[in-house]
Structure formats: C-alpha cells, structure tokens
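Asker: Dumping the structure here so I can ask a few things about it.
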Amino acid sequence: MRALLLTLMTVIFFSPAAQAGDAEKGAKTYRKCVSCHMVGPKAKNRVGPQLNAIIGREIASIDGYKYSKGMIAYAGEQKVWTEENLAAYLAAPRKVVKGTRMSFAGLRKETDRDNVIAYLKQASQ
Ligand code: HEC
C-alpha cells in the first residue's frame, strides 16, 4: 500500500500537467501585453496583432497587420507558434526575432511565460 501511494505521488508530482501554466495567474501577467495586444471574441489588432489561438497559429499570418521584416523572416524558419518558440520569444523578443517591432523587454521568469501562454490558450476559446 505504501509503495502504491509513493508511486502515485511520484506520477502526480512529475506529470507534465503539474508543470503547465496557471491561466489565472497568467491573466495578471497578460496586463503587460494588453496595451498592445487583444485576445478573445472581439479582439482586433492594436499596436500588435490580436492573439487568438496563437498556439498552432502560423507566424505573421494576420491579414491586414503589417509585420516587420524580421518577423516575416522568422516565419520562414519556424512556420507556427508553439509553446516552445513562443516562450523563447517572450523571454527575449529581440534576440529570438531579429528586427522585431515588438518593443517589449521580455518576461524573465519561466513561470510568467508558462502562465501567460496558459492564459492565451484559455482566453481564445
Ligand atoms: C509595446 C507593445 C507590445 C507589447 C507590450 C507586447 N507586444 Fe507582442 N507584439 C507587438 C508588435 C508590434 C508585434 C509585431 C512584431 C513584428 O512584426 O515584428 C508583436 C508580436 C507578437 C506576437 C506574434 C504574433 C503573430 O501574429 O505572429 C506574439 C505571439 C506576441 N506579440 C505576444 C505578446 C505577449 C504574450 C506579450 C506580453 C507578455 C506581448 N506580446 C507584449 C507589440 C507588443
């Protein structure tokens, strides 16, 4: 019985779901993005493009939004936004996408990046 409990606890503790971001906390982190980006049913482009269904969305694909040459070049390398490349972009926008117009210093904490990505997924539904 003890062994079973231990195994169960290990599985729960180390499962990937336990490390996924917290959308509620991500809503707070998103305040750093909101001056430039909208998300949700009525989202429009602002300074930056709207962010609906961003995970799995083609990079630089919003019609009528004028992306930088840097972002268009990045789209040639990466195609779609994944949790991995988006987290990297949010950590250091100008390092990951050379010449990006997104003037944002970056989210230094990994938990902030995971949380804001979880929020974006939830808010686009
Ligand atoms: C000062 C304004 C500003 C802030 C703050 C900002 N962004 Fe951006 N964002 C932009 C601009 C401008 C672009 C277009 C970049 C380009 O074309 O190089 C962009 C592009 C993006 C893209 C690529 C979208 C696409 O269609 O390929 C994502 C994803 C993104 N931002 C997420 C975020 C998140 C998440 C935050 C907050 C943590 C954030 N941004 C904060 C201005 C901003």
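Just so you know, the sequence shown maps onto residues 73 to 197 in our numbering. Where a beta carbon is used, it is the ideal one built from N, C-alpha and C, also for glycine.
(1) Evaluate Val-169 with the Cβ neighbour count: other Cβ atoms within 10 Å of its Cβ, from every protein chain shown; 16 or more gives buried, anything less gives exposed.
(2) Quick one: grab the DSSP three-state call for Val-188.
(3) Could you check if Ile-151 belongs to the surroundings of the ligand HEC, using beta carbon to heavy atom distance under 7 Å?
(4) How big is the Cα-Cα spacing for Tyr-139 and Leu-78?
(5) Just curious, the alpha helix (DSSP H) that Glu-155 is in, first and last residue?
Answerer: Based on what the coordinates show:
(1) buried
(2) helix
(3) Residue identity check: residue 151 is Lys in the sequence provided, not Ile. No.
(4) 51 Å
(5) 155-163
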